[in-house]
Structure formats: C-alpha cells, structure tokens
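With this note's numbering applied, the sequence shown corresponds to residues 1297 to 1944, in that order. Backbone N, C-alpha and C define an ideal beta-carbon position, used for all residues, glycine too. Working notes, structure below.
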Amino acid sequence: MADSLTTDERVGHLACWARAFIELAGCDLVCVPSIEVWADQAGVRLHEGAPCQPDSPPTMLSSGERRYWVAGAGAEGFLIAGPVDDQRGDGVPQALVAAARAVEMQRHCADRLSLLAAQSRLFQRMGEAASSADGARAAMEELLSGVLDLLRARFGSVMLIDDEIPETMTIFHAKGLPDDIVTSTRVRLGRGVAGTVAQTGEAVLLRRGEAHPLSAGRPEGAYEAAICVPLRVQQRVIGVLNVRGRHDVGDFAPADLELVQALAGLAGPIIEAARLLEAREADIQSALADLQRTNQLLSQAREQFERVLESAPSPAIVVDGNRVVMWVNLRAEKLIGLARHKVQFRPLEEGIAHSSAGAAMVAALDAFETGQPLPRVTLDAPVHRVFQPHVAPLHGDPEQGGGHVILFADVTEIEELSQLKTDLVSVTSHEFRTPLTVMKGAASTLMAHWAVVDEATRSEFLGEIVKQCDRLDRMTRHILDISRIEAGRALDLQRSDVRPDELIGAVVALQTTASDSHRIELRLADNLPIVCVDRDKVEQVLINLVSNAIKYSPDGGVVTIQAEVRGDMLAVSVSDQGIGISEEDQTRLFQRYQRVGGSRSQSIRGTGLGLYLSKGFVESHGGTLTVESTPGAGSTFTFTLPVGSCPS
C-alpha cells in the first residue's frame, strides 16, 4: 500500500503517525527556530551538550522534574516534544526523529515545487517576451533576471556565436556588467571558459577562489563562483550562458548547475526562434520600406504623368485595357466638352460614345488597334475645331492590354493656315498675272506696231510697263519683308525726315478715286511734328489701312483719318463705318494669312498679309499698331511713330 503512495502522501502519513505517537505519550510537539529563545521562555536551563545545530540528533533536556526531547528539523529549526513521562516516553525519540524527517521532507517538497513554479513562470515570461518586437533581447532579459534571482547570483551574460565573424562569440545580453565590457568583449571558440564550453558543449562549474586551467592568468584567489553552460538548438551550440558570483559569497552546488543546464536547454530554442523572428521582422520591415518607397515612386510617377497630361495643350484621355476611362484632362473638358466627373471610371463606349467627341475617340481607338490610319476629326461643339487623333499604348499587364492614351491635337489653325496659303497662292498668282498681262500686252503692241504708233502712244505704253514693273517690285519686296519678319531679322529701313500731313495728303490723293461711295475725311492737328521714318513703308501702312477701310465698308460711308501728338509719339488713326470685327477675330487679326469679317468678307479679295506687314513696319520704327472695333459699327486702326528729325 505504501509503495503506491506519492511523495506528498508519504510525508503526510509519516507526519501524522509521529504526531499521533507523541500525543499518546502525553507530550506536546512544537517547532521553534531557536533553542535559546525557547529555553528562556520555557524556563529550561540549557546544559552543556544541548543541541544548537538544525541537524542535531535527538537530545534530552531537563529542568527539575521536567524532561524534553529536542531534534533538529533542518531549515525549519528544532522540534521539541515534552514534558516526557518516564513510563510512556521510551518511543518519543524515534517518533521525534520521524517527525523531523517529515518536516524536512515537506520543506524539500515545498522548495522543489516553488522552484518548478518559478521555472514555469520564467519560461512563460520568456515566451511572451520572444514574441515582442525586440524578441531575442527581451527573452534574454527574462532568462538572465530569472536565473540570477533563482541562484542569488550577481552577474550574468548570454554570449552568442557571431554570424558575421566566424569562430567568435560576442555578448548578446548581460546583467551586472559594465557597458564597455559588454561592447568590447570578443571570445574565440576554444579560448577560455566560455570559448571552450561553446566548442566542446560541456558545462563548467567553478568554485569561489578555485584555479581552473581554462581561466588561467588571474591573480590567486580572484576567481568567483561561476557556472557556464552551452545554449543548444537541435544539438547545435549557438552560444553560452554565464552566471558568476553569489550575494552570500558562497559556491554554486551541482544542483545549481543542473538547474542552469535545464534552463539553458529550454531557452536555446526560444532564443533562436526570437532571433529568427527578429530577422524575419527586419526582412519584413525592409520589404515594407521598399514597398513604401516603390509606392511613393509610383505615386510620384502617377502625379507627374497626370501633371503632364493636365498641362498638355491638347485634349487627352487615358483608358485601361478594358477601355474604362481613367483620366480626362482639363483641355478635353474645355475644347471637346467631356465632363470629367461624368465619364471618369466608366467604360468609354458607355460614358462618352454618345457624344460626337466620344464617338471620334472610339473610332480613333478602333482604327489604331486595327492598324488603320487615323483621319482628322471636325467638332463643332463647344466651338468649331479640327483635331488630329493620336493613340499611344501604355505598357502594363499583358492580360489587361496596358491601356492607351488618346490625344486630340488641335490642328484648327494649321488647317486654316493651309487654306490661307492656298488662297495666298491663288491671289498672289492673280496679282502677279495682272501686271504681267498688262506688260505683255503693251510690249507686244509696241513690237508689232512700233513704226505706226506715234510718240505719245509709245510713251503711254512704256509708262504703263514701268508702272506695272513698280507694282511687281512692291509685291516682291512685300514677300521679302515677310521673310525677314518671320526670320526675326531687322527690316532695311531707308529713313528720312517726313512731314505727316504731306504723306497723309499724298495717300488721300491716291485713294480718293478708289470708290465713288466713300468719302475720306481728314482731322489733322495743327503743326504736326516731323518724323524720321522710311517714307515708302509708312506710306504702305497708311495705304493698306485706308484701302481696308474702303473694302470692308461695302455699303460706303466716311473714312476718317486723324493725326495728333500723344506724348513723344505721333498717333495716326483710320476709322470706317463698315462691318466691324468680332473680339475673337481681333486676337488673330495681325497674324499672317488671316482674313476676318464673317460671311460678308468672303467676296473681298486679299492675301491676309497687309495687316501682318503693317504691324511689322510700324514696330520696326519703334511704334505700335492696335485696333478697336464693334461688329456692325466699324473699326478704328491706330499706329504710332516716334517724333523727331533724323540725325544729321
């Protein structure tokens, strides 16, 4: 029956038997920490040979007629049974020894349970620490703190084999050691106590003051009690656990070594797991940092791409591989009427295909994907514009097709310029053909009838030829002047002192017979100052302005020429009562090949170069040419010239 009892049960049975036997003997059983204190309180005089050590054998004490048995009870102190009856006290010493043994065994079991509980709490804390952000170091903190508390040791350290420096250990964590020692310590495998333990995997127990071959070189008596055990992971040594010194200046026992070995055996995998977790966390953090940088770069690239599209002068939209509209720039909203908030993130065919602009984009994308040419597109809303579609693929997921960027380049001005150039060629050809026809007719008549034509007729024909040659010369010089202006070169000005009233009068004399339905009226200020100008070019400017005033006043009316001084500039204005010019046309009025005025001006012939040349001539003199006009109420052109005579 006793063999089947647990240790706790055996101790309990022994204690109950001993207590029962002593009580049957008529004795009381007490446990005291000090014999001297008990004797003083009980009035018992201690004689020589009285027990004073916890492990003393049973001894009888007497005080008069009273007798007591005393036995050591280990760490609990002393057990005292008495007073003892002579007739019933023969078995008391044996029962007292049994009771003392039971007390000691209970104390040992309690210590053992307390130690196991402390170990359990230690490993629980290590496990929790190992899962933290600083897992390995936190687990080491718990391990060292727990070991030092259990052994009442003063110093401790965990040394791990360095992955970057082969055959070398460094202190990974320490308690009670100075920081400079922790950071500077490097131990080669096979050197000293720690290096040998790491290399052989055998634990070492050092007693206080005991010289050891592995720690030679220290002064005699300088050795502290120490324990050094290996840290293993699957039979592989990853480092060592060092414990040194005791607060009671005692030695470590073999049981302490066994305890540290047991703790190290369980701690090794936790440390390695924490190190791997830290390395994995570091890798994850590095990957997250790389991902964050990549996302930042992608975000910057997207923002830059959007800024490029937003600042593009042409309407642009971006569609993905499924033709879903991902982006619409501001120009697309203004020029072709695509409302960004209505079409973005919707399929192209669904969102904008119903509009003329959307249909044109769908057609352009279809043509690009089938390899067909992309024709120009004319849109009349919100304003009349001609566009040349361009489609560019976006590289991306092959399964998604990557998407496309669709640009509508505004070629309205190019189309108009092309048409104007065609008109210019036609008009210029006609303008050149007229004087050539006159010259050829006059020359042919003179050649065929020279002998019979009188002198007056000859002079008339020759004068006409010279006149037409001058006309061709002026037209040629106009073309050369245009080339110089477009190339940014200075015009060749033949400056001289010119009286404005005289020049204006000459032009009026030439233009008076140009139309019977127009009347030219002069409003010249008195004493107009002399200007230093190229007379021929200023005369061309004035002729062009008066001629335009007459041409663009098809219903007739008054053409007014006004001249006055404004500061240090001479201002000459030509006003008419004609069809006027819209604000939109005024913005491009002085560009080359531009002819404005709406449907009523289509029948009026011209090259579209007169105002362009006039502006260039005036600006070459340091002046300006401006216009003020109201559709249906006429126009006023004003040019300015610096006043003053030419240098002598």
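Backbone CA spacing between residue i and residue j [nearest angstrom]
{"i": "I1826", "j": "S1941", "result": "6 Å"}
{"i": "W1623", "j": "T1590", "result": "22 Å"}
{"i": "E1332", "j": "F1548", "result": "31 Å"}
{"i": "L1768", "j": "G1863", "result": "39 Å"}
{"i": "T1926", "j": "C1765", "result": "39 Å"}
{"i": "A1670", "j": "V1658", "result": "Note that residue 1670 is Leu in the sequence shown here, rather than Ala. In a straight line, the C-alpha of L1670 is about 11 Å away from that of V1658."}
{"i": "Q1581", "j": "R1598", "result": "25 Å"}
{"i": "S1895", "j": "T1934", "result": "Residue placement at S1895 is poorly supported in this model, since its pLDDT is 47, which falls under 50; the coordinates still yield a value, given next. Going from the Cα of S1895 to the Cα of T1934 covers about 25 Å."}
{"i": "T1666", "j": "H1700", "result": "14 Å"}
{"i": "S1899", "j": "G1852", "result": "Its pLDDT being 49, under 50, S1899 is placed unreliably by the model, and the measurement read from it follows with that caveat. For S1899 and G1852, the distance between alpha carbons rounds to 16 Å."}
{"i": "E1568", "j": "V1529", "result": "7 Å"}
{"i": "V1842", "j": "S1811", "result": "11 Å"}
{"i": "V1914", "j": "L1866", "result": "12 Å"}
{"i": "L1937", "j": "T1920", "result": "8 Å"}
{"i": "L1292", "j": "L1661", "result": "The chain is shown from 1297 up to 1944; residue 1292 falls before or after that span and cannot be answered."}
{"i": "S1916", "j": "D1832", "result": "13 Å"}
{"i": "P1796", "j": "L1824", "result": "7 Å"}
{"i": "L1301", "j": "I1376", "result": "For L1301, the predicted structure reports a pLDDT of 38, less than 50, and the residue's modelled location is therefore unreliable. A value from the coordinates is still provided. About 28 Å."}
{"i": "T1772", "j": "F1728", "result": "10 Å"}
{"i": "R1362", "j": "G1378", "result": "8 Å"}
{"i": "D1706", "j": "N1625", "result": "14 Å"}
{"i": "R1627", "j": "A1821", "result": "50 Å"}
{"i": "V1854", "j": "V1939", "result": "28 Å"}
{"i": "L1562", "j": "V1536", "result": "13 Å"}
{"i": "G1546", "j": "R1576", "result": "43 Å"}
{"i": "L1593", "j": "F1641", "result": "23 Å"}
{"i": "L1905", "j": "L1690", "result": "44 Å"}
Environment of residue i [buried if 16+ CB atoms lie within 10 Å]
{"i": "A1738", "result": "buried"}
{"i": "E1516", "result": "Note that E1516 scores 47 on pLDDT, short of 50, meaning its location in the model is unreliable; the coordinates nonetheless yield the value given after this. Its Cβ having fewer than 16 others within 10 Å, E1516 is exposed."}
{"i": "K1847", "result": "buried"}
{"i": "K1630", "result": "exposed"}
{"i": "V1837", "result": "buried"}
{"i": "Q1807", "result": "buried"}
{"i": "G1759", "result": "exposed"}
{"i": "T1718", "result": "exposed"}
{"i": "W1365", "result": "buried"}
{"i": "W1334", "result": "buried"}
{"i": "T1492", "result": "buried"}
{"i": "S1725", "result": "exposed"}
{"i": "R1540", "result": "buried"}
{"i": "P1694", "result": "Note that P1694 has pLDDT 49, beneath the 50 cutoff, so the model's placement of it is unreliable and the number below is only indicative. With fewer than 16 other Cβ atoms within 10 Å, it is exposed."}
{"i": "H1814", "result": "buried"}
Identified DSSP bridge partners for residue i
{"i": "G1930", "result": "T1926"}
{"i": "E1629", "result": "For E1629, which the question treats as bridged, DSSP gives no partner whatsoever."}
{"i": "F1757", "result": "DSSP lists no partner for F1757."}
{"i": "S1871", "result": "T1856 and T1932"}
{"i": "S1453", "result": "A1470 and N1538"}
{"i": "P1643", "result": "V1620"}
{"i": "M1465", "result": "I1457 and V1483"}
{"i": "A1522", "result": "L1502 and R1540"}
{"i": "T1496", "result": "According to DSSP, T1496 bridges with nothing at all."}
{"i": "G1940", "result": "V1827"}
{"i": "H1686", "result": "L1703"}
CA nearest to the CA of residue i, picked from the options
{"i": "Q1882", "options": "L1562, Y1908 and D1662", "result": "Y1908"}
{"i": "I1461", "options": "R1576, L1485 and G1541", "result": "L1485"}
{"i": "L1501", "options": "V1443, F1933 and V1525", "result": "V1525"}
{"i": "V1639", "options": "D1579, I1613 and S1910", "result": "I1613"}
{"i": "V1483", "options": "A1705, E1463, E1498 and G1912", "result": "E1463"}
{"i": "D1830", "options": "S1910, L1644 and D1676", "result": "S1910"}
{"i": "A1845", "options": "D1832, A1377, I1457 and E1817", "result": "E1817"}
{"i": "G1617", "options": "Q1592, A1688 and L1357", "result": "A1688"}
{"i": "T1479", "options": "Q1495, M1455 and A1490", "result": "M1455"}
{"i": "I1710", "options": "A1929, A1449, Q1887 and V1923", "result": "Q1887"}
{"i": "V1443", "options": "P1850, L1776 and A1558", "result": "A1558"}
{"i": "R1450", "options": "D1788, A1470, H1680 and V1489", "result": "A1470"}
{"i": "L1743", "options": "F1757, T1730 and L1732", "result": "Note that residue 1743 is Met in the sequence shown here, rather than Leu. Looking at the Cα atoms, F1757 is the closest of the given residues."}
Unbroken stretches of the alpha helix (DSSP H), 4 residues or longer, contained in the stretch 1720-1744:
none
Restricting to runs no shorter than 4 residues, where is the alpha helix (DSSP H) found entirely within the stretch 1766-1833? 1796-1807
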